[in-house]
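Participant: Have a look at this one.
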Amino acid sequence: MTMTAEEHKARSARSYKLLLLFAMLSMTMMFAGLTSAFVVSKSRGDWLQNFEMPKAFFVSVVVILLCSVTFHLAKLSIKKDNRKATTNYLLATLVLGFLFVFFQFQGFSEIVKQGYFFTGPESNITTTFLYVVTVVHLAHLFGGIISLLIIIYNHFKQKYNSSQTLGIELGAMYWHFLDFLWVYLFLFLYFFK
275 MTMTAEEHKA RSARSYKLLL LFAMLSMTMM FAGLTSAFVV SKSRGDWLQN FEMPKAFFVS
335 VVVILLCSVT FHLAKLSIKK DNRKATTNYL LATLVLGFLF VFFQFQGFSE IVKQGYFFTG
395 PESNITTTFL YVVTVVHLAH LFGGIISLLI IIYNHFKQKY NSSQTLGIEL GAMYWHFLDF
455 LWVYLFLFLY FFK
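Just so you know, we're using my numbering here: the sequence shown kicks off at 275 and counts up by one.
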């Protein structure tokens, strides 16, 4: 039996979504390992008990949640063939993504100003873990920014419309995952001191 073009498109979309889900699952396992190591290391004598999360990390939580909102609105807009709104929401997501990165580095700066370092003889296990977890998340976020730039490029090339939304849907799935991941990491690091 021959597959119709619509059936082929639906099967391809399911395949891409499944691949993305497997990638997100592997990232989840990596962060589960990092947070487990964090829990085990907390029993060390050199663990900082009075460490305060930098204020910039609180702001970054709000910024990354806004990224999810704007990406979701971009997805809804393209499904209505509203190209202008889609463009605005995609660009807003990009700006917010870079703003998130800015606040992450601002947070690192706040930690150093408190006298804590991430590496070297003046570092400690608490801030080193915080640094590793945050930098690994940032690496995944850079992957998200690259995919967002490709989505924006394809959008300007008019590859998306109400019947072709797969790229934006996959991008939104990944950004929602990154947002959830940062909120989880932030709450974990904030409450599990």
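Yeah, the Cβ is synthetic: ideal placement off N, Cα and C, and Gly gets one too.
(1) L422 to A413, Cα distance in whole Å?
(2) If you scan the region 334 to 418 from start to end, which runs of the alpha helix (DSSP H) of 4 or more residues do you find wholly inside it?
(3) To the nearest angstrom, how far is the alpha carbon of L444 from that of F430?
(4) State the start and end residues of the unbroken alpha helix (DSSP H) segment that holds E280.
(5) Expressed to the nearest angstrom, what Euclidean distance is found between the alpha-carbon atoms of S334 and T360?
(6) What is the rounded straight-line gap between the Cα of K316 and the Cα of V369?
(7) Could you pull the start and end residues of the alpha helix (DSSP H) that F522 belongs to?
(8) Can you name, in chain order, every residue of its own chain whose Cβ lies under 6 Å from the Cβ of G381, other than the five neighbours on each side?
(9) For T401 and W321, what's the separation of their Cα atoms in angstroms?
(10) Taking the alpha carbon of F416 as the point to measure from, which residue in S351, E281, F372 and I352 has its own alpha carbon closest?
(11) If you measure between the beta carbons of Y448 and G441, is that distance less than 8 Å?
(12) Going by C-alpha distance, which of N362, I338, T408 and E326 is nearest Y390?
Facilitator: Inspection of the coordinates gives the following:
(1) Position 148 of the sequence shown, counted from the first residue, corresponds to residue 422. Position 139 of the sequence shown, counted from the first residue, corresponds to residue 413. Approximately 14 Å, taken between the alpha carbons.
(2) 357 to 387
(3) Here residue 444 refers to the residue found at position 170 of the sequence shown. Here residue 430 refers to the residue found at position 156 of the sequence shown. Approximately 17 Å between the Cα atoms of the pair.
(4) In the sequence shown, residue 280 corresponds to position 6, counting from 1. Element bounds for E280: A279 to S315.
(5) Residue 334 sits at position 60 when you count from the first residue of the sequence shown. Residue 360 sits at position 86 when you count from the first residue of the sequence shown. Their Cα atoms are separated by approximately 23 Å.
(6) Working through the sequence shown from its first residue, we reach residue 316 at position 42. Working through the sequence shown from its first residue, we reach residue 369 at position 95. Looking at the two C-alpha atoms, the distance is approximately 36 Å.
(7) The requested residue 522 is not part of the displayed model; the chain covers only 275 to 467.
(8) Within the sequence shown, residue 381 is the residue found at index 107, counting from 1. P328, A330 and F331, listed in sequence order.
(9) Position 127 of the sequence shown, counted from the start, is the residue given in the question as residue 401. Position 47 of the sequence shown, counted from the start, is the residue given in the question as residue 321. Each residue's Cα considered, the two are about 9 Å apart.
(10) Here residue 416 corresponds to residue number 142 of the sequence shown, with the count starting at 1. The shortest C-alpha separation from F416 is found at F372.
(11) Indexing the sequence shown from 1 puts residue 448 at position 174. Indexing the sequence shown from 1 puts residue 441 at position 167. No.
(12) Counting from 1 along the sequence shown, the entry for residue 390 is found at position 116. That would be E326, whose Cα lies nearest to the Cα of Y390.
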